[in-house]
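Everything on this sheet refers to the single structure shown next.
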């Protein structure tokens, strides 16, 4: 598939993407007036202040517009018309200056429903507010700002309080230097090609403008400049490809195509129990890559630049397309279905839906998005409809004998390989074998290159799927040193530092490994403390739809604001969490992390520690917004249990965590750990109890058996409650008294826990269940401290 996009459309995208970058330069302290003297007719009057130059004010209206022109002229001189279009987008007669400027102006207005163009540090407007991004996830009344900075996985942790304008302005010099270096890198990788520029300019803009506001003087400053510019470019390109003659945003029409992958969990977890770690991470990355490539494929087929796919998160995407090409969705769906069914059967699908909306309708983007989701829901109920009608879906497939079936997916292992796996013959099909190779390559890769697939290339496995969607994919550990007529994806923040025009699409590349390669789950379990169990955890944000609904009742629901919230959440799950795991939780295997949810596996106590850290970091990331919280489910079992079964059990525990409690406790914002339902403060209480009991067991070498007996009696208090004294409970109560009498060093701890067991439910569960869980965890954690017989007798999950 050739990437046939008109130069006019590419120029509209790049100009829309670039037009407001002068806003960054406008805030740099000590910059002088030279940057705003773009083609100045009276330079002698433009030496001290912008306000002194009537000709530039009349021509460009705002200094930041002229600075955008200067920046384009200095960094991207090969690209004709870009500097003029950027400089003139606020000209009083912009609508009369040609189609390119008109499309940029319309894209600008469609992206941001509300306007505030007073961004320049001039005259009486300077310093009325801090030039900093209002935290997009914080409560509006809290006025938490983000310190201006370059995009990385920790961007939203750099928080400022209202009024700290001096600190914000001081940071702009570093931000602008980073932006300029990204633009220069984009020019070098583009080689004068507009398609290449559209790819690399997108990355440079996100790195240099994600940490600064698109407007701040009178508008709510919670929209990053990067998300506003991305949408402005995408809408400008859609209008250009449609040949739109609209004179204002109300009369403009934009097409939107949404996609949603179905069957993700089944596909990721559909792997055999032996050596599962080889494929899990690769399968998760493949889904992420498939969603991205499919979104770009939709854009290209509709005649717009690939990054008109402006939102690609968690297997879902939205693409801005020409209004006149939304009718292509049915044909695109059939073609996409044929590719996916041939690759992995009917288990994994990618469903498409499209609509056309006016500029006025785009102002209520949350409503437009709701309509897209409803259309997708209908489409999901009719998966592979065209293939079913033609009979292709039911075409007989070869049936593999037991010895010829792939040990991973169960399909016939044609063209794959046979391996000796610890004395067991293991046959793997071509596709699953390619995913295992991808998993190994991913560990040491820093970048992914997405370029047009050449005609006649002989590819296999997952690469063949990408090629059929028009993309040749290359993984590499170093940035390219040649012109790349496609996208360069940085897989983590370190990659962005090496190539400042790469597009950050973070993925959890880290997985526990040894010198010999990836550790499997049985080997990972051996790295943990205490009983050698593998725990699995699923977690996701509670009621995100309701949060967004409330969010947009307080703020104008413009497309750029919607994208800002989505990007802020995905940055935490897709970029920050994988780096957190790699740096501080080396035994954690991130199976999936994206959108607003995460699935992982690891030794039991590593997973429990990660759950606590996850909540603390998410609270920090959202600036303590108590309307944003998540629930989790944690289960544990022997390491030889298939990880698929563990994740399914964790999913069930997550559903229980979100369910209404019979005792009337508030649902959600909770954790189910080893079948015990707890609000998060209750979970922290359990971990504190557990630590006291572990110290008790390990601190008494001469009375270790006595301490272990106390753990067993504490577990019998599981049903304890105020006024409840059935035989099992009072016998345990009596035995704890005896242990405390014979173990004076432990008396205070045991009596405190005995008392806590009879306390009423404070965090969703009675005190007895919290104490019993703490005792069970302490028993598992100290199981390897004694002899083998003791471990056998006391262990269990």
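In the numbering used here, the protein residues as written are 16 to 812. Even glycine gets a Cβ: it sits at the ideal position worked out from N, Cα and C. All figures in this text were calculated on a predicted structure; none of them were measured in a lab.
Would you mind working out which of the options sits nearest residue i, comparing C-alpha positions?
i           : options               : result
residue 148 : 231, 731, 323 and 456 : 231
residue 661 : 637, 684 and 689      : 689
residue 78  : 96, 54, 269 and 93    : 54
residue 199 : 185, 100 and 216      : 216
residue 582 : 345, 480 and 331      : 331
residue 219 : 228, 202, 266 and 110 : 202
residue 325 : 624, 668 and 310      : 310
residue 240 : 683, 153 and 190      : 190
residue 629 : 84, 602 and 587       : 587
residue 43  : 784, 355, 185 and 109 : 185
residue 157 : 501, 124 and 237      : 237
residue 296 : 508, 46, 457 and 171  : 457
residue 597 : 570, 517, 522 and 265 : 522
residue 791 : 773, 731 and 765      : 731
residue 624 : 29, 543 and 566       : 543
residue 170 : 124, 227 and 204      : 227
Within 10 angstroms of its Cβ, does residue i collect 16 or more other Cβ (buried), or is it exposed?
i           : result
residue 675 : exposed
residue 52  : buried
residue 443 : buried
residue 449 : buried
residue 466 : buried
residue 115 : buried
residue 206 : exposed
residue 557 : buried
residue 406 : exposed
residue 117 : buried
residue 611 : buried
residue 694 : buried
Output needed for residue i: all residues of its chain with C-beta closer than 6 Å, excluding positions within five of it in sequence on either side, in chain order.
i           : result
residue 352 : 399 and 402
residue 31  : 119, 122, 247, 248 and 251
residue 795 : 545 and 546
residue 222 : 165, 166, 197, 511 and 515
residue 288 : Its pLDDT being 49, under 50, residue 288 is placed unreliably by the model, and the measurement read from it follows with that caveat. So the qualifying residues of the chain are 657.
residue 88  : 98
Among residues of its own chain, excluding the 5 on either side of residue i, which ones have a beta-carbon nearer than 8 Å to its beta-carbon?
i           : result
residue 175 : 145, 147, 159, 160, 161, 162, 182 and 183
residue 69  : 57 and 60
residue 6   : As shown, the chain starts at 16 and ends at 812. That puts residue 6 outside it, with no answer to give.
CB-CB under 7 Å to residue i, same chain, minus the five flanking residues each way: which ones, in chain order?
i           : result
residue 376 : 383
residue 142 : Reliability fails at residue 142, whose pLDDT of 35 lies under 50, so the model's placement of it is uncertain and the value that follows must be treated cautiously. Answer for residue 142: 180, listed in chain order.
residue 768 : 704, 729 and 786
residue 819 : Because the chain here runs from 16 to 812, residue 819 falls outside it and cannot be looked at.
residue 107 : 76
residue 572 : 379, 380 and 381
residue 813 : There is simply no residue 813 to check, as the chain begins at 16 and stops at 812 in what is shown.
residue 626 : 552, 647, 649 and 686
residue 358 : 446 and 480
residue 136 : Its pLDDT being 45, under 50, residue 136 is placed unreliably by the model, and the measurement read from it follows with that caveat. Only 41 and 42 meet the Cβ criterion.
residue 139 : In this predicted model, residue 139 has a pLDDT of only 34, less than 50, meaning its place in the structure is not dependable; the value taken from the coordinates is given anyway. Correct list: empty, nothing qualifies.
residue 793 : 705, 708, 709, 712 and 726
residue 173 : 161, 162 and 164
Cβ atoms of residue j and residue i: under 8 Å apart, would you say?
i           : j           : result
residue 687 : residue 639 : no
residue 302 : residue 485 : no
residue 25  : residue 209 : yes
residue 243 : residue 585 : no
residue 103 : residue 112 : yes
residue 503 : residue 495 : yes
residue 650 : residue 665 : yes
residue 255 : residue 537 : no
residue 818 : residue 421 : Nothing about residue 818 can be read from this structure; the chain reaches only from 16 to 812.
residue 5   : residue 698 : This structure gives no information on residue 5, because the portion of the chain shown stretches from 16 to 812.
residue 520 : residue 194 : no
residue 606 : residue 279 : no
Answer yes or no: does any C-beta atom of chain B fall closer than 8 Å to that of residue i?
i           : result
residue 702 : This model lacks chain B altogether; it includes just one protein chain.
What distance in whole Å lies between the Cβ atoms of residue j and residue i, which are believed to be in contact at a cut-off of 8 Å?
i           : j           : result
residue 550 : residue 617 : 6 Å
residue 788 : residue 709 : No, residue 788 and residue 709 are not in contact; Cβ-Cβ is about 14 Å, not under 8 Å.
residue 313 : residue 274 : 7 Å
residue 613 : residue 592 : 6 Å
residue 336 : residue 253 : 6 Å
residue 395 : residue 299 : Not a contact, Cβ separation roughly 21 Å.
residue 426 : residue 360 : 7 Å
residue 151 : residue 579 : 5 Å
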